[in-house]
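See below for the structure under consideration.
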Amino acid sequence: MSSYTIYKILQKTKKKHRIKKYKIAFIIILIALIISLFASDIFKIKNIDINCNDQIISQNVREAMSNYINKYYLFLDENNIKNIIMETNKNIKKVDITNKYNGSIEINIVKAESIAYSEINSHYYIINELGNISQCSQDQLPLYTTKCINFPSKDILEKFAKQYYKIRDIIRNDVSDIEFVSDDYNSILIRLYLINTNVIQIRVEDMVSQLEKDTFPYEAYMQVYKNNYIFSFEGKYVYIKKIKLQ
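Residue numbers (my numbering): 168 to 413.
Take a look at the structure:
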């Protein structure tokens, strides 16, 4: 082997060693940089902004999220956080989380609309569009919302709410008052008083299926029976009678 060949081999070997050293140095610098970044406050949550038009919901969410201050937002599970927030208040309809990457997280909350309210034993309850009920003070009752009358207990109101929110909007929007009539053999009978003075008498457990469009063409009935009629649902039949005015 000539001296020139040996020289070339040595040069090539030195070059490989230099490249290896550079790679090792680069990896060490990169690791040091990552460690220094995570040791600093750059990736830590310093502030949580909550956007909601309800003060009670905002306070509930703020308390639930307080444990996340100074945690690394890169490791946050947004779906898990959304579930935690949804569980803080029954009136939360939707949650959106925006990461600002400046130490702040923005939480936008959409509140469920109120569709009815009731007073039971001097306690006030609101039914929302998700079928949930929540207790409130008298001054928190929503204006111009359907009133539930004579409901004997919160338990019965909850059973009613879980069905009422499912009925068609066109019917629900025409209801001015809802009266509890009876509770026999686990069957709750109610009356829906409409703004055109008609009345729908129906059992809660049948309400959703019997008020479907194919079963009960509401718009057509209201065109024919314009006011002061009672629609009484009994089994699979509906009986229509004129209300006798006193």
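Even for Gly, the Cβ is constructed at its ideal location relative to N, Cα and C. Treat the numbers as computed from the prediction; the structure is a model and nothing was measured.
{"Query": "Every unbroken beta strand (DSSP E) within the stretch 314–381, with a cutoff of 3 residues, ordered by chain", "Result": "342–351, 354–361, 366–370"}
{"Query": "C-beta atoms of Ile345 and Ile316 nearer than 8 Å", "Result": "yes"}
{"Query": "Beta-ladder partner(s) of Lys278, from DSSP", "Result": "Ile259"}
{"Query": "Straight-line gap, Glu286 to Gln368 (C-alpha atoms, nearest Å)", "Result": "21 Å"}
{"Query": "Spatial distance of Ile259 from Ile252 (CA atoms)", "Result": "8 Å"}
{"Query": "Inter-residue CB distance, Ile264 and Ile276 (contact presumed, cutoff 8 Å)", "Result": "Between Ile276 and Ile264 the Cβ distance is about 10 Å, and since that is not below 8 Å, they are no contact."}
{"Query": "For Phe193, three-class secondary structure by DSSP", "Result": "helix"}
{"Query": "Of the residues Ser281, Gln307, Glu401, Tyr239, the one placed nearest Leu297, counting alpha carbons only", "Result": "Ser281"}
{"Query": "Cβ-Cβ separation, Leu308 to Tyr291 (assumed contact under 8 Å), whole Å", "Result": "6 Å"}
{"Query": "Span of the alpha helix (DSSP H), counted from its first residue to its last, around Ile227", "Result": "For clarity, residue 227 is Asn in the given sequence; the question names Ile instead. Its alpha helix (DSSP H) spans residues 222–232."}
{"Query": "As assigned by DSSP and simplified to three states, the class of Glu296", "Result": "coil"}
{"Query": "Coil, strand or helix - Lys393 by DSSP", "Result": "coil"}
{"Query": "Selection from Tyr352, Lys261, Lys411 that minimises the alpha carbon distance to Val366", "Result": "Lys411"}
{"Query": "Rounded separation between Asn340 and Ala279 - CA only", "Result": "16 Å"}
{"Query": "Residue range of the beta strand (DSSP E) that includes Tyr240", "Result": "It is not in any beta strand (DSSP E) - Tyr240 carries neither H nor E in the DSSP assignment."}
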